[in-house]
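Participant:
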Amino acid sequence: MEEKIHEKIHWADAKAAQVAADAPQLIATGITPSGPIHLGNMREVMTGDMIYKALLKRGVEAELVYIADDFDPLRKVYPFLSDEYQKYIGWPVSDIPCPCGKHKSYAEHFLDPFLSAIEELDIHPRIIRTSEAYRSGMFTEQIKEALIHAEDIKKILEDVSGRKLEEGWTPYYPICAACGTISRAAILSHDIENHTVTYKCPCGHEGVSDYSKGEGKLVWRVDWPMRWSVHGVTVEPFGKDHASPGGSYDTGKIITKEIFGYNAPVPVTYEWISLKGKGEMHSSKGVVLTIRDMLDIVAPEVLRYLIAKTKPDKTIAFDPGMGLLRLIDEYDKAAVAGESREYELSKIASPQTTIPFRHMVTVVQIARTDDAVFDILKRSGYEIVDKDAVLDQANRAKVWLERYAPEDAKFALAESLPEVAANEKSEVKAAVVAYAKIVTDSEWKADVLHNAVYDAAEAAGITGKEVFTGIYRAFLGADRGPRLGWFLEALGREETLKRLLEMSL
RNA sequence: GGGCCUAUAGCUUAGUCAGGAAUAGCGACGGACUCUUAAUCCGUAGGCCAGGGGUUCAAAUCCCUUUAGGCCCGCCA
38 MEEKIHEKIH WADAKAAQVA ADAPQLIATG ITPSGPIHLG NMREVMTGDM
88 IYKALLKRGV EAELVYIADD FDPLRKVYPF LSDEYQKYIG WPVSDIPCPC
138 GKHKSYAEHF LDPFLSAIEE LDIHPRIIRT SEAYRSGMFT EQIKEALIHA
188 EDIKKILEDV SGRKLEEGWT PYYPICAACG TISRAAILSH DIENHTVTYK
238 CPCGHEGVSD YSKGEGKLVW RVDWPMRWSV HGVTVEPFGK DHASPGGSYD
288 TGKIITKEIF GYNAPVPVTY EWISLKGKGE MHSSKGVVLT IRDMLDIVAP
338 EVLRYLIAKT KPDKTIAFDP GMGLLRLIDE YDKAAVAGES REYELSKIAS
388 PQTTIPFRHM VTVVQIARTD DAVFDILKRS GYEIVDKDAV LDQANRAKVW
438 LERYAPEDAK FALAESLPEV AANEKSEVKA AVVAYAKIVT DSEWKADVLH
488 NAVYDAAEAA GITGKEVFTG IYRAFLGADR GPRLGWFLEA LGREETLKRL
538 LEMSL
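Counting the first sequence from 1 gives a position; my numbering is that position plus 37.
1) Taking only runs of the beta strand (DSSP E) that begin and end inside the segment 96-150, which ones reach a length of at least 3 residues, in chain order?
2) The ligand GTP and Thr-288: does any heavy atom of the ligand fall closer than 7 angstroms to the residue's C-beta?
3) So the candidates are Gly-72, Pro-211, Asp-149, Ala-458; which of them puts its Cα closest to the Cα of Pro-116?
4) Can you name the residues that DSSP bridges to Asp-247?
5) Would you please state the rounded distance, in angstroms, between the beta carbons of Lys-181 and Ile-229? I believe it to be under 8 angstroms.
6) Give the C-beta separation of Thr-399 and Phe-512 to the nearest angstrom, bearing in mind that I take them to be a contact with Cβ-Cβ under 8 angstroms.
7) Are there three or more Cβ pairs, one per stretch, closer than 8 angstroms when the segment 233-251 is compared with the segment 196-213?
8) Determine the direct distance from the alpha carbon of Pro-262 to that of Ser-198, and round the result to whole angstroms.
9) Is the beta carbon of Pro-162 closer than 8 angstroms to that of Val-102?
10) Look up Ser-541 in the DSSP assignment and say whether it is helix, strand or coil.
11) Quick check for students: name the residue ranges of the beta strand (DSSP E) that lie wholly in the segment 254-315, counting only runs of 3 or more.
12) Between which two residues does the alpha helix (DSSP H) harbouring Ala-473 extend?
13) Take Met-38 and list the residues in its own chain whose beta-carbon comes closer than 7 angstroms to its own, dropping the five residues that flank it on each side.
14) Out of Tyr-491, Gly-507, Ile-508, Asp-412, which has the shortest C-alpha to C-alpha gap to Gly-501?
15) Any idea what DSSP makes of Phe-176, helix, strand or coil?
16) Leaving out five residues on either side along the sequence, give the residues of the same chain with a beta carbon under 8 angstroms from the beta carbon of Arg-221.
17) Please classify Tyr-419: does DSSP put it in a helix, a strand, or coil?
18) Within the same chain, show all residues whose beta-carbon is closer than 7 angstroms to that of Ala-170, passing over the 5 residues directly before and after it, in chain order.
19) Would you call the CB atoms of Gly-358 and Ala-431 closer than 8 angstroms?
20) Counting along the chain, where does the alpha helix (DSSP H) carrying Tyr-441 start and finish?
21) On the DSSP bridge list, what partners appear for Leu-63?
22) Which stretch, first to last residue, makes up the beta strand (DSSP E) that contains Pro-211?
23) What is the DSSP secondary structure of Thr-327, reduced to helix, strand or coil?
24) Tell me whether the segment 63-72 and the segment 88-107 touch, counting them as touching only if at least three CB pairs, one residue from each stretch, are closer than 8 angstroms.
25) So, with DSSP's three-state summary, where would you put Ile-499?
26) According to DSSP, is Lys-41 part of a helix, a strand, or is it coil?
27) With distance defined between alpha-carbon atoms, name the residue in Ala-467, Leu-364, Val-267 nearest to Ala-496.
28) Buried or exposed, going by whether 16 or more other CB atoms sit within 10 Å of the CB of Cys-137?
29) For the segment 369-386 and the segment 472-479, state whether three or more C-beta atom pairs, one from each stretch, are separated by less than 8 angstroms.
30) Does DSSP classify Ile-344 as helix, strand or coil?
31) Between the Cα of Tyr-509 and those of Asp-196, Ile-104, Ser-453, spot the shortest distance and give me the residue it belongs to.
32) For Phe-524, which three-state DSSP category applies?
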């Protein structure tokens, strides 16, 4: 009897259930720091982290590592680089000078902000730098095997991917002692005893490369399966580009088995994240929202929620405008309900506020100073538990308004009575002034203030709409604005009355 | 050219592996709160499951095909 059980299993738990529970698991993630590390890249690390947490929850021993592929060569002068970088093309990014001069290398320049960002996201992997791994000699035996079995590897690559490699192909690329590039140098001889090869670089230089000292690296399609075997990787998320048949996972699976005697990790393929209206994110094309950019406007748990709620094989079209507000609302709801698995995987131990982000967006547009933010919030009945958390949230709201908010989410408090209000019809002016009188002594509460509008309108014999518009014009010079009662509550009695009474002139 | 993935309500999406009455959220619409004004609560509508064909008692689900978009096969992680 096949009963169809439709209990919802979160993708991270489903993946975690695929691995052996009785053996320690190593989840590997990795990115090449050749440019700004963006939201799309972050999906890899977050995906790994969620599976890691799902494994721990199942009681499986697990570790998360982040492998920084800083030994990869710079491929071209990206749009964000100066032309001077032309001369570093082909160099390992760990050996290229930092663009800003503050970091040890080009690689660290991009790695540093990324590593601090993932800390904020409550992701704490062990960091492995490929350049250090190669130079430590930990791959020596495997590189030796790869060189010895170059023909076998070549055959696997040709069979599985269906392409043709040139005569004399080897999986090892030395770093040329003369030009510094990881080039397709021809390997002339291999001294197994002393783990060295002699090569002839396209630049003309002939030299010796000692692979126990990291004087060269394996080509990606061999490098990857080699690392699985050395590090003991059992689960690995990677982009869909690696996942196609004949792609590097397919070839890696066979290479790691036949050359290195190791079983390929459980694959987790993930889709790209695109920017709504702007297309996919590519650091090389300059279409990028870095993780730092994101954390400037979104709390880390919300970012985690975005990844947690979307299965890895689904494309995410991220909308940093109104879509972001929706996402935050959705997260807040999930947080209040407090029981979904998505929420569990998203929440982190960071300081929280109870203030809805949408409200904060209004508040920061009224407040001129940080202190004013606190005053307004207190007036609106919010308890300030953690001042720093509130200020963080206020800053995110400000940055959001500045960079991503659509025009109709923004308003500006006029310094004095706007012309459009001064020229208001006399009935409306009278009603607005009447409104001011009604609320002068009433309780300063949003719903009270809001309802009083209707009273004033009725008394004046005009519609509520006209009074609303009149009041918005008085403060914003616009016909619409944030929900009035809540807006005035935030603004405060004194300022409200002062401005409204100017309408009587 | 060869291979693969994706397509479900206006939007986001569950369900596809193991075929058995189409999920949910947002939005829209309607209502409630003395109330159209970025809130809350309640309710309603909205889908030939991309198109076509087939297998089956039964298809979003399996097979074939068409269309649209994406990815890989250029050693690029």
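Glycine is no exception: its CB is placed at the ideal position from the N, C-alpha and C atoms.
Facilitator: Short version:
1) 99-105
2) Judged by which ligands are present, the structure shown has none, so any question about the ligand GTP falls away.
3) Taking the first sequence and counting its residues from 1, the one referred to as residue 116 is at position 79. Measuring from the Cα of Pro-116, the nearest candidate turns out to be Gly-72.
4) Counted from its first residue, the first sequence places residue 247 at position 210. In DSSP, Asp-247 forms a bridge with Thr-233.
5) On the first sequence, residue 181 is found 144 positions in, with the first residue counted as 1. On the first sequence, residue 229 is found 192 positions in, with the first residue counted as 1. With a Cβ gap of about 6 angstroms, Lys-181 and Ile-229 count as contacting.
6) Counting from 1 along the first sequence, the entry for residue 399 is found at position 362. Counting from 1 along the first sequence, the entry for residue 512 is found at position 475. Contact doesn't hold; Cβ gap of about 12 angstroms is too wide.
7) yes
8) One-based indexing of the first sequence puts residue 198 at position 161. One-based indexing of the first sequence puts residue 262 at position 225. Rounded to whole angstroms, Ser-198 to Pro-262 spans 15 angstroms at the Cα level.
9) Sequence index remark: in the first sequence, residue 102 carries index 65 (1-based). Sequence index remark: in the first sequence, residue 162 carries index 125 (1-based). Yes, Cβ-Cβ distance for Val-102 and Pro-162 is below 8 angstroms.
10) On the first sequence, residue 541 is found 504 positions in, with the first residue counted as 1. Here Ser-541 sits in helix by DSSP.
11) 272-276, 303-307, 310-312
12) Position 436 of the first sequence, counted from the first residue, corresponds to residue 473. Counting along the chain, the alpha helix (DSSP H) containing Ala-473 begins and ends at 463-477.
13) The residue given as residue 38 occupies position 1 in the first sequence. Bear in mind that a pLDDT of 28 at Met-38, under 50, signals an unreliable position, so the model cannot answer this.
14) Indexing the first sequence from 1 puts residue 501 at position 464. Nearest of Tyr-491, Gly-507, Ile-508, Asp-412 to Gly-501, Cα basis: Tyr-491.
15) Here residue 176 refers to the residue found at position 139 when the first sequence is read from its first residue. Here Phe-176 sits in coil by DSSP.
16) Position 184 of the first sequence, counted from the first residue, corresponds to residue 221. Correct list, in chain order: Tyr-210, Pro-239.
17) Locating residue 419 in the first sequence gives position 382, counting from the first residue. Tyr-419 falls in the coil class under three-state DSSP.
18) Looking up residue 170 in the first sequence gives position 133. So the list reads Phe-176, once near-sequence residues are dropped.
19) Locating residue 358 in the first sequence gives position 321, where the first residue counts as 1. Locating residue 431 in the first sequence gives position 394, where the first residue counts as 1. For Gly-358 and Ala-431, no; Cβs fall outside 8 angstroms.
20) Start at 1 with the first residue of the first sequence, and residue 441 comes out as number 404. Counting along the chain, Tyr-441 falls outside any alpha helix (DSSP H), and DSSP gives it neither H nor E.
21) In the first sequence, counting from the first residue as 1, residue 63 sits at position 26. Looking at the DSSP assignment, Leu-63 forms a beta bridge with Glu-100.
22) Your numbering for residue 211 matches position 174 in the first sequence. That run of the beta strand (DSSP E) goes 209-211.
23) Taking the first residue of the first sequence as position 1, residue 327 is located at position 290. Looking at Thr-327 - three-state DSSP - the assignment turns out to be strand.
24) yes
25) Within the first sequence, the letter at position 462 stands for residue 499. Coil, per DSSP.
26) If you number the first sequence from 1, residue 41 lands on position 4. Confidence at Lys-41 is low in this model, with a pLDDT of 36, below 50, so the placement of that residue should be treated as unreliable; the coordinate-derived value is given next. Residue state, collapsed to three classes: coil.
27) In the first sequence, residue 496 corresponds to position 459, counting from 1. Selected option, being the one with the closest Cα: Ala-467.
28) The count along the first sequence starts at 1 and reaches residue 137 at position 100. Exposed: under 16 other Cβ atoms inside 10 Å.
29) no
30) Locating residue 344 in the first sequence gives position 307, where the first residue counts as 1. The answer is helix: DSSP assigns Ile-344 an H, G or I state.
31) What you label residue 509 is simply residue 472 of the first sequence in a count that begins at 1. Among Asp-196, Ile-104, Ser-453, the Cα nearest to that of Tyr-509 belongs to Ser-453.
32) To locate residue 524, count along the first sequence from 1; it is residue 487. In this structure, Phe-524 counts as helix in the three-state DSSP scheme.
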